[in-house]
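Chains as they are written, first to last, in our numbering: chain G, 343 to 693; chain U, 343 to 693; chain P, 343 to 693; chain A, 343 to 693.
Written as structure tokens, this is what we have:
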């Protein structure tokens with residue numbers, strides 16, 4: 343098979359590191375450009391000793407330029423901060439490259455919503471209509487034809503996959519949804535900052551970003567599309583003293599008349615029966631983040647509570663693989679007509 | 343000062359271990375009896391090497407008998423499983439001992455509620471009316487006169503202290519309360535079991551006991567007393583990959599007309615201004631479990647969300663100190679007319 | 343390619359769990375039998391939720407019998423305690439099966455040494471001469487022709503690979519070698535026991551098994567073969583508050599005249615230049631366990647100290663992959679003429 | 343009792359944080375000045391939320407000046423980097439203040455040794471002769487009369503206490519001593535740096551600073567004084583994925599004729615029988631860092647190995663309390679004629 347040459351801008355963060363790992367195992371994608379302002383000039387294998395001896399180790403890290411990308415790459419992954427991607431994408435598209443963007447710059451369909459929640463002017467509004475939200479289970483067809491894919495946020499990935507079946511099949515109310523999410527510390531990024539030090543994070547637990555975390559409008563937008571109506575949710579993220587994984591506990595009200603627990607379970611099973619990455623657990627089982635570690639799986643546990651008339655849905659994903667780099671690779675697979683799970687078969691250690 | 347001689351039945355669990363630690367620092371309580379079926383015959387300092395060289399180390403662990411208790415103790419702490427305490431308490435009271443019971447046996451006022459949630463017949467129903475729920479901030483007067491104190495559960499302690507001000511002052515609705523709690527692994531106890539092994543707990547996160555954890559009726563009973571009406575809540579505990587600490591994220595609806603954030607904050611501050619262990623954080627600050635580690639503090643963060651008309655309250659406690667052994671000692675202090683915080687001044691390491 | 347059918351006896355331990363993970367990714371080995379006394383009757387995918395949806399999930403766990411093995415398997419992996427494998431192996435070999443044994447039963451060449459250190463009579467002494475010590479870098483040829491491979495211990499794997507170059511090339515003395523090893527908690531096994539509970543292991547560190555850990559004679563035997571003389575070493579293992587990984591810090595004396603640091607480094611590089619799994623770090627770099635997580639890599643850092651005339655060698659491996667299941671699979675690959683790294687290409691998440 | 347007013351320069355590091363914790367419990371020392379360049383102007387209780395409601399919380403952090411110190415303090419603790427303390431101490435002493443310095447500036451008796459290992463010129467050489475090495479068990483008398491105490495390094499504290507009895511009583515050789523130490527991550531300090539991030543430290547283990555860590559000459563100097571001869575040791579520190587605690591595994595050779603294990607044990611017991619903070623474990627028991635967490639204890643395990651003629655000594659301390667702030671407070675107690683353990687009685691949670 344011919345190789346697909348890909349570039350990665352932003353190798354120093356955890357999502358970029360994860361993509362380096364995954365690309366080293368992909369049978370047909372080949373990393374040909376790795377960019378970082380701070381680390382330019384270093385061999386990638388020196389910067390990431392785990393890569394030594396593996397595909398990609400010999401690449402020399404460079405400063406990003408559209409010219410290098412155009413000459414070396416078919417597709418570019420952007421793992422850069424919000425506000426930066428929108429400056430890079432137009433030129434990359436003009437140079438006939440495909441782009442998968444990890445940031446939020448192209449996830450929100452409406453400029454004012456982006457500007458309200460991110461506090462930045464949007465500089466590439468004209469591209470918003472063509473950007474495809476890269477959740478393969480929901481939008482595989484559009485992703486396949488896209489030039490620009492907005493890779494979903496980690497929390498939204500866990501939430502949308504968790505609630506999709508219940509909203510789609512109208513078994514829950516659309517108001518009064520509360521999402522209590524907990525993420526491993528890789529979600530806080532790889533910036534040198536005291537609150538992210540080992541001694542500050544280990545043996546402790548806290549909420550953050552309440553009540554207006556930036557993933558809120560992304561969740562509301564996508565859940566609203568599924569439900570067919572505008573939605574407002576309460577979203578509260580927390581920081582776990584562990585590296586990887588997101589667990590979202592989602593509280594919803596069952597519609598009247600409430601289906602039985604078995605009927606609810608059947609709705610979830612039926613919805614996902616052709617999606618090998620979505621594993622609906624048996625009634626009575628609850629998911630654990632370790633079981634999806636380093637993979638694309640989303641495990642979903644459903645807890646109907648007849649006493650309170652609620653349906654609690656718990657979903658777990660790996661925030662770096664499903665929530666970032668793995669999903670980006672799945673999207674790139676679709677954009678090149680490859681099976682969505684190419685290079686994503688490995689089962690990482692549980693711990 | 344004369345010593346108060348105390349016994350501890352159930353030294354091998356984490357709550358018992360914590361009480362051993364705290365008693366070694368108490369100026370006037372003296373451990374005179376330490377019971378464990380499995381470890382009888384061992385010196386306490388050998389069993390708990392951290393105690394070596396400290397008060398209590400030379401006690402020889404014994405099998406529990408009312409006779410030994412009667413001859414050696416003024417008060418007995420029971421750190422035994424649900425169902426066991428109710429068998430021990432009547433004889434201890436007849437022997438004129440005071441009792442602080444860590445279990446749930448005397449927390450629920452109504453026998454049928456106990457039997458429904460714990461699946462056990464209650465064998466000492468006649469003592470339920472006199473048992474006092476041992477939350478010092480709420481019931482100090484009754485505790486002072488009690489023979490039998492039912493030490494609160496760890497989760498309920500965090501929840502009741504967190505919601506008390508808002509319910510008492512009628513600023514939130516009593517329906518539609520969701521409590522998403524997360525506890526360190528000491529909460530799962532010290533029993534040898536595969537799911538509690540280091541390799542199973544570390545680097546992972548999961549919910550458990552949904553939707554009917556046994557602390558639910560205790561929470562509903564006590565919140566109901568504060569609100570002055572029967573209450574139903576949704577309570578969901580989760581297991582954190584760390585040792586100590588509980589954080590409860592509590593979702594409530596503000597009553598109409600909603601007070602301003604500053605007014606809400608003032609209600610909390612005013613309610614707790616004479617309670618040195620309750621620290622209401624400034625608006626915009628969120629609590630962290632590490633800041634209360636090994637102490638009696640309950641730190642409370644309040645998050646009014648005007649967008650959703652909700653009040654989110656986040657409380658943190660140390661599950662072993664405030665949630666078990668420290669609170670038991672505070673109750674014992676009150677039962678002997680000592681200042682409630684006697685022996686509870688130390689500030690444990692954050693980490 | 344035709345499948346190689348393999349059985350695994352002892353699925354419940356961490357090495358067995360790791361082999362289940364690795365087998366689910368192997369292109370030509372297929373798990374056809376999974377045995378456990380305690381868990382017989384359960385579907386493997388139910389017992390290990392991470393396997394759900396992957397190859398092997400539908401196998402029903404069985405009690406071990408030679409008959410089932412003979413009818414379903416070409417090769418059997420034994421992940422059973424010391425003393426048990428020696429009872430199973432003779433019948434398996436008679437049934438014309440190949441065996442890779444994870445235990446120590448066939449690692450020590452001399453029965454009296456086994457019996458002294460393991461305190462058990464050896465019941466299959468006649469097989470000791472044909473058992474091959476399964477360290478692929480050293481014994482690939484013999485492994486390829488073996489019926490019975492004794493898979494090395496985790497600590498010995500890290501030590502032998504670390505010291506091989508220096509002993510082989512006679513740059514260090516053979517007396518006075520001290521090996522200070524540190525292992526993640528998976529090394530302590532998956533038995534329900536209080537000292538292995540999360541709360542006992544996390545936030546703590548201790549040595550264990552001093553001064554006569556059972557891996558000592560295995561290390562001495564294999565180092566002695568390399569050096570060409572009998573050797574005595576000091577070996578001290580410690581338990582790390584983390585899941586995976588072994589780091590061995592090895593203190594040796596340089597022979598006179600001592601080579602320069604650059605010459606020493608060159609000896610190591612030259613020795614391992616054709617072994618892709620052995621990565622000799624540049625002078626001045628030290629290895630970290632995370633960089634080999636879930637892989638077959640052994641990273642080696644060398645620290646010549648001119649002040650003390652010592653050579654310190656630090657090696658890291660993943661104790662479950664290189665130190666157990668991955669190495670077993672590599673051995674099985676060799677026994678079937680496959681490339682040694684078949685199915686072992688994946689790069690696990692660093693964390 | 344009258345208060346002793348103390349200042350702390352360098353509150354933002356972990357040692358400074360620990361001293362804030364300990365001072366809040368001291369019956370007669372009172373924090374009256376807290377300095378930090380970066381945090382000047384903040385209330386201490388805001389900066390350290392765990393202090394809120396405790397003594398010291400209302401102090402406003404200031405920039406250090408000798409004038410403020412002279413007007414507010416009797417004694418100053420310096421928790422500042424190497425090279426900074428030597429600039430502050432002369433003026434503080436001239437202002438008639440006592441000083442306990444956490445840094446290495448006054449630990450090494452000889453300027454050239456300091457300059458060789460620290461790479462800095464010494465600017466206060468004239469004070470070296472009067473500075474007392476603040477290990478209370480060895481130098482209590484001199485500390486009591488000192489104006490300037492050099493608080494020992496964390497690793498040296500664990501090593502010197504561990505080897506003292508064996509060197510003092512001449513049961514081990516003075517050559518060929520290897521010290522393999524492992525420290526929790528608080529030892530790496532509280533600077534914002536990528537290698538100290540949670541995700542980089544957790545689930546991993548590594549050595550660092552080999553073979554010339556700066557604590558080496560301090561260890562050699564103090565061991566040499568005990569042995570009565572110049573000594574050279576091999577010292578190798580490692581970084582543990584946990585917060586607190588140091589464990590040092592020390593390899594020594596027994597002198598001929600070697601005493602029996604019981605005799606060795608008796609030497610240790612006898613040496614330390616009047617030192618309540620030094621706990622010599624029974625033969626066969628090994629120390630664990632958790633048992634000394636947050637305390638001044640040094641637990642020592644001794645492992646004679648007749649097979650190799652070595653004596654292995656394992657010592658554990660809490661690196662922040664015994665290895666820094668607690669020891670500093672003990673020194674200050676001695677300097678004011680207080681019992682050495684004043685304010686150091688508390689028993690921190692094991693975990």
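The beta carbon of each residue, even a glycine, is placed where N, CA and C say it ideally should be.
- residue 295 of chain A: buried (16+ other C-beta within 10 angstroms of its C-beta) or exposed? One cannot answer for residue 295 of chain A here, as it falls past the ends of chain A, which runs 343 to 693.
- Using the Cα positions of residue 410 of chain P and residue 374 of chain P, report the straight-line distance between them to the nearest angstrom. In the third chain, the residue the question calls residue 410 of chain P occupies position 68. In the third chain, the residue the question calls residue 374 of chain P occupies position 32. Cα to Cα, the separation comes out at about 10 Å.
- Task: Taking only beta-carbon positions, decide if residue 535 of chain U is within less than 7 Å of chain P.
- Result: By 1-based counting over the second chain, the position of residue 535 of chain U is 193. A Cβ of chain P is located within less than 7 Å of the beta carbon of residue 535 of chain U.
- Query: Exposed or buried, what is residue 462 of chain A when buried is set at 16 or more other beta-carbons lying within 10 Å of its beta-carbon?
  - Reply: Here residue 462 of chain A corresponds to residue number 120 of the fourth chain, with the count starting at 1. With fewer than 16 other Cβ atoms within 10 Å, it is exposed.
- Item | Neighbour-count burial assignment, residue 351 of chain A, 16 or more Cβ in a 10 Å radius | By one-based count along the fourth chain, residue 351 of chain A stands at place 9. A residue is called buried once 16 or more other Cβ atoms fall within 10 Å of its Cβ, and residue 351 of chain A is buried on that count.
- Query: Would you report the Cα separation of residue 415 of chain A and residue 675 of chain A, rounded to the nearest angstrom?
  - Reply: By 1-based counting over the fourth chain, the position of residue 415 of chain A is 73. By 1-based counting over the fourth chain, the position of residue 675 of chain A is 333. Across the structure, residue 415 of chain A and residue 675 of chain A are spaced so that their CA atoms are roughly 15 Å apart.
- With residue 697 of chain U as the anchor, note down where its beta strand (DSSP E) starts and where it stops. This structure cannot speak to residue 697 of chain U, because chain U is shown only from 343 to 693.
- Query: Based on Cα-Cα distance, which residue from A/614, A/630 and A/651 lies nearest to residue 597 of chain A?
  - Reply: Translated into positions along the fourth chain, residue 597 of chain A becomes position 255. The residue among A/614, A/630 and A/651 with its C-alpha nearest the C-alpha of residue 597 of chain A is A/651.
- Euclidean distance between Cα positions of residue 360 of chain U and residue 367 of chain A: The count along the second chain starts at 1 and reaches residue 360 of chain U at position 18. The count along the fourth chain starts at 1 and reaches residue 367 of chain A at position 25. Distance between the alpha carbons of residue 360 of chain U and residue 367 of chain A: 19 Å.
- Message: Buried or exposed for residue 688 of chain A, going by 16 or more other Cβ atoms inside 10 Å?
- Response: Here residue 688 of chain A is taken as the residue at index 346 of the fourth chain, counted from 1. The residue in question, residue 688 of chain A, is buried, as its Cβ has 16 or more Cβ neighbours within 10 Å.
- Message: For a test of the three-state rule: what should DSSP assign to residue 677 of chain P, helix, strand or coil?
- Response: As a position in the third chain, residue 677 of chain P is number 335, starting the count at 1. Of the three classes helix, strand and coil, the one that applies to residue 677 of chain P here is helix, per DSSP.
- C-alpha gap between residue 456 of chain G and residue 396 of chain G, whole angstroms: On the first chain, residue 456 of chain G is found 114 positions in, with the first residue counted as 1. On the first chain, residue 396 of chain G is found 54 positions in, with the first residue counted as 1. So the alpha carbons of these two residues sit roughly 39 Å apart.
- Query: What three-state label does DSSP hand residue 593 of chain U in the structure shown?
  - Reply: Reading the second chain from its first residue, position 251 is the one you call residue 593 of chain U. Looking at residue 593 of chain U - three-state DSSP - the assignment turns out to be strand.
- Message: Considering only the alpha carbon of each residue, which of P/590, P/421 and P/380 lies closest to residue 526 of chain P?
- Response: Residue 526 of chain P sits at position 184 when you count from the first residue of the third chain. Ranked by Cα distance from residue 526 of chain P, the first of P/590, P/421 and P/380 is P/590.
- Query: Using 7 Å as the limit for Cβ to Cβ distance, is residue 347 of chain A near chain G?
  - Reply: Stepping through the fourth chain from its first residue, residue 347 of chain A is reached at position 5. With 7 Å as the cut-off, residue 347 of chain A does not count as an interface residue toward chain G.
- Task: Identify, in the order they occur along the chain, each residue of the same chain with its Cβ nearer than 6 Å to the Cβ of residue 426 of chain U, setting aside the five sequence neighbours on each side.
- Result: Residue 426 of chain U sits at position 84 when you count from the first residue of the second chain. Nothing listed; no residue qualifies.
- Query: Should residue 613 of chain U and residue 482 of chain U be called a contact, given that it needs their Cβ atoms to be closer than 7 Å?
  - Reply: Mapped onto the second chain, residue 613 of chain U falls at position 271. Mapped onto the second chain, residue 482 of chain U falls at position 140. Their beta carbons are not under 7 Å apart, which means residue 613 of chain U does not touch residue 482 of chain U by this criterion.
- Shorter than 7 Å from the beta carbon of residue 689 of chain P to some beta carbon of chain G? Stepping through the third chain from its first residue, residue 689 of chain P is reached at position 347. Taking Cβ atoms only, chain G reaches closer than 7 Å to residue 689 of chain P, which makes this a yes.
- Item | Whole-angstrom distance between residue 581 of chain U and residue 547 of chain U, CA atom to CA atom | Against the second chain, residue 547 of chain U aligns to sequence position 205. Against the second chain, residue 581 of chain U aligns to sequence position 239. Rounded to whole angstroms, residue 547 of chain U and residue 581 of chain U show a C-alpha spacing of 6 Å.
- Query: Which residue from U/672, U/690, U/628 and U/678 puts its Cα closest to that of residue 480 of chain U?
  - Reply: Locating residue 480 of chain U in the second chain gives position 138, where the first residue counts as 1. The residue with the shortest Cα to Cα distance from residue 480 of chain U is U/672.
- Query: Does the distance from the C-beta atom of residue 364 of chain P to that of residue 667 of chain P stay below 7 Å?
  - Reply: The count along the third chain starts at 1 and reaches residue 364 of chain P at position 22. The count along the third chain starts at 1 and reaches residue 667 of chain P at position 325. It is a contact, given that the beta carbons lie within the stated cut-off.
- Query: Quick one: what's residue 434 of chain G bridged to in DSSP?
  - Reply: Residue mapping note: residue 434 of chain G aligns to position 92 of the first chain, counting from 1. According to DSSP, residue 434 of chain G bridges with nothing at all.
- Residue ranges of each alpha helix (DSSP H) within the region 517-552 of chain A, 4 or longer: Those alpha helix (DSSP H) runs which fall completely within the region 517-552 of chain A and span 4+ residues are 540-543.
- Would residue 636 of chain P be called buried (16 or more neighbouring beta carbons within 10 Å of its own) or exposed? As a first step, residue 636 of chain P is located in the third chain; it is residue number 294 there, counting from the start. It counts as buried.
- How would you list, in chain order, the residues of chain P whose beta-carbon sits under 9 Å from the beta-carbon of residue 574 of chain A? Sequence index remark: in the fourth chain, residue 574 of chain A carries index 232 (1-based). Correct list: 649 and 650.
- Nearest to residue 545 of chain A by CA position, among P/583, P/550, P/513 and P/561, is which residue? The residue you call residue 545 of chain A lines up with position 203 of the fourth chain. Distance check between residue 545 of chain A and each of P/583, P/550, P/513 and P/561 places P/583 closest, using alpha-carbon atoms only.
- Message: Measuring straight from C-alpha to C-alpha, what distance separates residue 487 of chain U and residue 680 of chain U?
- Response: Start at 1 with the first residue of the second chain, and residue 487 of chain U comes out as number 145. Start at 1 with the first residue of the second chain, and residue 680 of chain U comes out as number 338. The straight-line gap from Cα to Cα measures roughly 12 Å.
- Item | DSSP-derived helix/strand/coil call for residue 392 of chain A | Here residue 392 of chain A refers to the residue found at position 50 of the fourth chain. Reduced to three states, the DSSP call for residue 392 of chain A is helix.
- Using alpha carbons as the reference points, say which of A/466, A/640 and A/354 lies closest to residue 503 of chain A. Here residue 503 of chain A is taken as the residue at index 161 of the fourth chain, counted from 1. Comparing alpha carbon positions, the residue from A/466, A/640 and A/354 closest to residue 503 of chain A is A/640.
- Message: Using DSSP's beta-bridge definition, name the partner residues of residue 378 of chain A.
- Response: Residue 378 of chain A sits at position 36 when you count from the first residue of the fourth chain. Bridge pairing for residue 378 of chain A: absent [DSSP].
- Message: Tell me which residues of the region 453-467 of chain U have at least one Cβ-Cβ distance to chain P shorter than 7 Å, keeping chain order.
- Response: Per Cβ criterion, the list is empty.
- Under 7 Å between C-beta atoms, does residue 394 of chain G make it to chain P? Walking along the first chain from the start, residue 394 of chain G turns up at place 52. Taking 7 Å as the CB threshold, residue 394 of chain G lines the interface with chain P.
- Query: Got a sec: is the Cβ-Cβ distance from residue 521 of chain A to anything in chain P below 7 Å?
  - Reply: Mapped onto the fourth chain, residue 521 of chain A falls at position 179. Contact of residue 521 of chain A with chain P is not assigned, every C-beta pair being separated by 7 Å or more.
- Which of the residues in the region 544-560 of chain P, read from start to end, lie with their CB under 8 Å from any CB of chain A? If the cut-off is 8 Å between Cβ atoms, the region 544-560 of chain P has 544, 545, 546, 547, 548, 549, 550, 552, 553 and 554 near chain A.
- Item | C-beta neighbour in chain P for residue 516 of chain A, strict 7 Å | Against the fourth chain, residue 516 of chain A aligns to sequence position 174. By this cut-off, residue 516 of chain A is not an interface position.
- Item | Close-in-space but distant-in-sequence residues of the same chain around residue 355 of chain U (CB under 7 Å, 5 per side omitted) | Translated into positions along the second chain, residue 355 of chain U becomes position 13. Only 421, 531 and 532 meet the Cβ criterion.
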